[in-house]
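Notes follow the structure.
Chains as they are written, first to last, in the working numbering: chain A, 320 to 466; chain B, 31 to 288; chain C, 25 to 424.
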């Protein structure tokens, strides 16, 4: 074999060899465990903190409010839909208070009249004209909106 | 002179075949290289006892409050700016002339202003959008390093410690579900709140929906709420012609929705 | 708020409806640069192979120059990609755990193959004899450099030169389908995205390939004329005429393919047609009709076609060739622009458009793209100093 070809094969052999070594050392440990991805990634993704707590946690302390809510139209709505995520409040109920939306704009988000809103799913009002300027909870108990 | 010319012709003919052979060989080489394991990112588990997640959305129940979009941003630390969404809600308005207007102000979180006068509205409805967690997802197919993958339960997830941020999956998703996180530089998308599923909780968007328009479940369990929903309604997926194996089933989806 | 200033601006200038995540154009100018540069590589190499394999002797003056040009641009070809990544330091993952269903991952290996086995080897075989001679002539550091480049082989016998020639020829033959593979894969990266109807066509790899050849040939034409001017040497008019003849032929094929793609799209007029029509006539009007088709294709075709029949004086021809090469280079750049940027301007909902503003002053993507386009010229200058083609020792072995 001509000398130049021998030298070239040496160079290429070295290059391929180093690639194999690099692949061996740089491939993450849990790769190929379940498929073409790092198996550890599943644990890393599930380690994220859950901010919204589960449905029953609120009723454990606030049972009277929960009972009122269950007797009216808002019974199918989760507490955290209006009050926001509860994970901080569960840890330290005194220090971390939940959101208590008081303003008109909040209720309007769902109840403003919009032709795209199915009438049988939700009662809708004219966002501007209905009791103009008033705050909703003046007349409606948010946990029992229809007395 | 004659013999020399013949020899030259033989040489050039030989050359021609050599070159054609090289080109033909190259073409075969290319076609063999092309990935044959193309479409199925993960095989649906044959064992029907294993979970295979799907999602259902009932358009007839959606009131467009965008509680889902709001909750998702809070739960998953999605950037607050109106350019990054894991899920969002669109409002479609079809006028009497046949014009189709679609809006999604800040993904629906900022509420909707209807500019078409009511008399002129032919049809209008809300459509919540999110990752379809496709069974044959094009996004996982094109990831060059294996950071976008499909878990064994059929969820399309992203390994953010491994993602290089090339954005190929963002281009490949037909539904616009992915975005490049501005701070992390890697891809972010809906995980069906995998971290909540593992703790036995429901995804945040499903939990906060006030009308129960959103649901998820095990497609293998024929008694699950989702399976019954798909059975009892005429459910379709978005862009079925692309054969993505989308597992987000809409009830009462109008043809104008893309 | 300043971080997202451009996005808030784009939000104000939305046309119709887009999916909220689509407002940011992810594949920016750098990703336009990447197929442009790889295309130049493939095209320059094809010109060299026309001389070596298909025995077009008139192209001899540009043979080595084409190879060195191809190498200069090849060394830079992946840099636009790497600097565009959200996490550039992780780029090696594509070579360590390549996901084989991804065209981008396969491209990493095609690139390595082409760089190491085709380009470097061919140039090495072509220059080996000369590098041995130079290693004897020079002293000091340059002597060491040349000796290292020859891998410490100092054989100058006729037998070894015949081996060089045979192996170089073999590499060039392998290099032709490899060049097709290289730029075909770039086309496939776009053509395989079924989500995007502007990109998703079977023709995409073929169109990319032929436009690459056109741009590469125009580049070599341009560089040959510039280098000869700088060295105060006369350009070989027969060589120039032959280059432009091939440029003309391949430009015809390229134009035919692109026209076929568009005509098919217009005739079939499927779901995506309405939005794409608005895209081409609106946001892409200047870059598509005027720059890509007008200046980049029809003008060169007309001029070169006319020149096939009626040849003006040598001096006039040389000026025309120079200007046409620039027109073609600009046209093919905007072809890449129309594909990459155009494909992201319209929403996948088919209901609207976003916008892309290039910050001509100080935008990160502009500065980087310009850098990656200029650096190959600097590398080429260095290579021409290290391995000057005009100082090579030609004799009968190479000529046959």
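Using N, Cα and C, we set each Cβ at its ideal position, and we do this for glycine too.
C-alpha gap between residue i and residue j, whole angstroms
i	j	result
residue 452 (chain A)	residue 421 (chain A)	13 Å
residue 65 (chain B)	residue 126 (chain C)	Unreliable placement is indicated for residue 65 (chain B), whose pLDDT of 49 sits below 50; no coordinate value is reported for it.
residue 300 (chain C)	residue 38 (chain C)	16 Å
residue 67 (chain B)	residue 176 (chain B)	Residue confidence for residue 67 (chain B) is low, a pLDDT of 48 falling below 50, so the modelled location carries little weight and cannot support an answer.
residue 288 (chain C)	residue 171 (chain C)	57 Å
residue 263 (chain C)	residue 371 (chain C)	47 Å
residue 179 (chain C)	residue 85 (chain C)	26 Å
residue 90 (chain C)	residue 240 (chain C)	9 Å
residue 245 (chain C)	residue 65 (chain C)	14 Å
residue 199 (chain B)	residue 355 (chain A)	15 Å
residue 440 (chain A)	residue 366 (chain C)	42 Å
residue 420 (chain C)	residue 225 (chain C)	Here the model assigns residue 420 (chain C) a pLDDT of 44, short of 50, so the residue's position is not dependable, and the following value carries that caveat. Rounded to the nearest angstrom, the two C-alpha atoms are 48 Å apart.
residue 130 (chain C)	residue 122 (chain C)	7 Å
residue 384 (chain A)	residue 458 (chain A)	18 Å
residue 110 (chain C)	residue 216 (chain B)	6 Å
8 Å Cβ cut-off: residues of chain C touching residue i
i	result
residue 288 (chain B)	372, 373, 374, 375
residue 139 (chain B)	Under the 8 Å cutoff, chain C gives no residues; its nearest Cβ is about 10 Å from residue 139 (chain B).
Min CB distance residue i to chain B below 8 Å
i	result
residue 423 (chain A)	no
residue 160 (chain C)	no
residue 26 (chain C)	no
residue 423 (chain C)	Because the pLDDT at residue 423 (chain C) is just 45, under 50, the model does not fix this residue reliably, and the value given afterwards should be weighed accordingly. By this cut-off, residue 423 (chain C) is not an interface position.
residue 440 (chain A)	yes
residue 390 (chain A)	no
Start-to-end residues for the alpha helix (DSSP H) that takes in residue i
i	result
residue 121 (chain B)	From DSSP, residue 121 (chain B) is part of no alpha helix (DSSP H) but of the beta strand (DSSP E) over 117 to 125.
residue 441 (chain A)	Element bounds for residue 441 (chain A): n/a, residue is neither H nor E.
residue 349 (chain C)	338 to 369
residue 79 (chain B)	Premise fails: residue 79 (chain B) is in no alpha helix (DSSP H) and is neither H nor E.
residue 132 (chain B)	Premise fails: residue 132 (chain B) lies in the beta strand (DSSP E), 130 to 133, not in any alpha helix (DSSP H).
residue 272 (chain B)	That residue, residue 272 (chain B), is in no alpha helix (DSSP H); it is neither H nor E in DSSP.
Closest by C-alpha distance to residue i, when choosing among the options
i	options	result
residue 26 (chain C)	B:111, B:246, B:132	B:111
residue 10 (chain B)	B:183, B:280, B:174, B:234	As displayed, chain B neither begins before 31 nor continues past 288, which places residue 10 (chain B) out of reach and without an answer.
residue 237 (chain B)	B:100, B:82, B:81, B:76	B:100
residue 56 (chain C)	C:115, C:297, C:210	C:210
residue 114 (chain B)	C:152, C:49, C:120	C:49
residue 236 (chain C)	C:275, C:223, C:259	C:275
residue 44 (chain C)	B:132, B:83, B:233, B:154	B:132
residue 219 (chain C)	C:373, C:383, C:406	C:373
Neighbour flag for residue i against chain C, beta carbons, 8 Å
i	result
residue 184 (chain B)	no
residue 330 (chain A)	yes
residue 204 (chain B)	yes
residue 430 (chain A)	no
Neighbour flag for residue i against chain A, beta carbons, 8 Å
i	result
residue 234 (chain B)	yes
residue 102 (chain C)	no
residue 120 (chain B)	no
residue 65 (chain B)	Residue confidence for residue 65 (chain B) is low, a pLDDT of 49 falling below 50, so the modelled location carries little weight; the figure read from the coordinates is stated next. It does not: the Cβ of residue 65 (chain B) has no partner Cβ on chain A nearer than 8 Å.
residue 298 (chain C)	no
residue 173 (chain C)	no
residue 379 (chain C)	no
Beta strand (DSSP E) segment containing residue i, residue limits
i	result
residue 86 (chain B)	83 to 88
residue 248 (chain B)	244 to 248
residue 314 (chain C)	Taken as a continuous stretch (DSSP letters only), residue 314 (chain C) belongs to no beta strand (DSSP E), as it is neither H nor E.
residue 178 (chain B)	178 to 180
residue 144 (chain C)	Residue 144 (chain C) -> no beta strand (DSSP E), and no H or E assigned at all.
Within chain B, the residues that residue i reaches when beta carbons sit closer than 7 Å
i	result
residue 302 (chain C)	None at all; the shortest Cβ gap to chain B is about 14 Å.
residue 33 (chain C)	Those do not exist, as residue 33 (chain C) stays about 12 Å from chain B at its closest Cβ, beyond 7 Å.
Residues that residue i contacts on chain B, provided the C-beta gap is smaller than 9 Å
i	result
residue 363 (chain A)	189, 190, 191
residue 118 (chain C)	174, 175, 194, 196
residue 110 (chain C)	193, 194, 195, 196, 197, 210, 211, 214, 215, 216, 217
residue 57 (chain C)	Correct list: empty, because the minimum Cβ distance to chain B is about 15 Å.
Residue i: contacting residues in chain C (beta-carbon distance under 7 Å)
i	result
residue 350 (chain A)	121
residue 240 (chain B)	Per Cβ cutoff of 7 Å: no residues; residue 240 (chain B) is ~22 Å from chain C at best.
Residues that residue i contacts on chain C, provided the C-beta gap is smaller than 9 Å
i	result
residue 342 (chain A)	119, 120, 121
Under 8 Å by beta carbon: chain A residues contacting residue i
i	result
residue 150 (chain C)	Within 8 Å Cβ-Cβ: nothing; residue 150 (chain C) doesn't reach chain A, min ~12 Å.
Chain A residues whose Cβ lies nearer than 9 Å to that of residue i
i	result
residue 179 (chain C)	321, 322, 323
residue 187 (chain C)	321, 323, 324
Per-residue contacts from residue i into chain B (C-beta, under 8 Å)
i	result
residue 139 (chain C)	Going along chain B, no residue has its Cβ under 8 Å from residue 139 (chain C), so there is no contact; the nearest lies around 17 Å.
residue 370 (chain A)	104, 105, 234
residue 128 (chain C)	172, 174, 196, 198
residue 51 (chain C)	197, 201
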